[in-house]
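Numbering (the numbering used here), first residue to last: 17 to 148.
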């Protein structure tokens, strides 16, 4: 999938030849973006619920292969590129299980302005993933 994205972007004038796939980050748009990609897949190939899918996606410790672990990897990169983790959700149609609760970022006007990865990092690790 990342190779297809890279190939498509590299033919556009805005990115021509400046997009590469790497180990870290998964996709580098030179001078613009460092991107890591994760798949949120709550059901296995057998169609049964994968009980720990959200735990595996949001495990809050550096060195882990979770989306939060990827956030830490990106924070440690040098370079002027903006950084982001892209989570791609695979679900049934219509959905049998919502992917929104573990990933949702709430409106700032609410009592708890963060949810999902930001909330876990802020309250479990005392780390801010929201800095820009």
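Ideal placement from N, C-alpha and C gives every residue a C-beta, glycine not left out.
Handout entry: Spatial neighbours of residue 41 in its chain, beta-carbon cut-off 6 Å, leaving aside the 5 residues before and after
Key = Here the question's residue 41 lines up with position 25 in the chain shown. Here the set comprises 50, 51, 52.
Practice task
Pull up the DSSP beta-bridge partners for residue 78, would you.
Solution key: Taking the first residue of the chain shown as position 1, residue 78 is located at position 62. According to DSSP, which records beta bridges pairwise, residue 78 is partnered with nothing at all.
Handout entry: Complete alpha helix (DSSP H) runs within the region 33 to 91 (minimum length 4 residues, chain order)
Key = 69 to 74, 83 to 91
Practice task
Give the DSSP bridge partners of residue 104, in chain order.
Solution key: One-based indexing of the chain shown puts residue 104 at position 88. Residue 104 is bridged to 55.
Exercise for the section: Measure the alpha-carbon distance for residue 81 versus residue 87 and round it to whole angstroms. Expected result: Position 65 of the chain shown, counted from the first residue, corresponds to residue 81. Position 71 of the chain shown, counted from the first residue, corresponds to residue 87. Straight-line Cα distance between these residues: approximately 10 Å.
Exercise for the section: Pull up the DSSP beta-bridge partners for residue 22, would you. Expected result: Here residue 22 corresponds to residue number 6 of the chain shown, with the count starting at 1. The partner list for residue 22 (beta bridge, DSSP) is empty, contrary to what the question assumes.
Handout entry: Helix, strand or coil at residue 126 according to DSSP, with G and I counted as helix
Key = Here residue 126 corresponds to residue number 110 of the chain shown, with the count starting at 1. At residue 126 the pLDDT is 45, less than 50, meaning the model places this residue with poor confidence; the figure from the coordinates comes in the next sentence. Residue state, collapsed to three classes: coil.
Problem - Under 8 Å between C-beta atoms of residue 83 and residue 73 - result: Residue 83 sits at position 67 when you count from the first residue of the chain shown. Residue 73 sits at position 57 when you count from the first residue of the chain shown. Closer than 8 Å, so yes.
Exercise for the section: Grab me the residues of residue 56's own chain with a C-beta within less than 6 Å of its C-beta, minus the 5 sequence neighbours each way, in chain order. Expected result: Here residue 56 refers to the residue found at position 40 when the chain shown is read from its first residue. Cβ neighbours of residue 56 beyond the five flanking positions: 73, 103, 105, 115.
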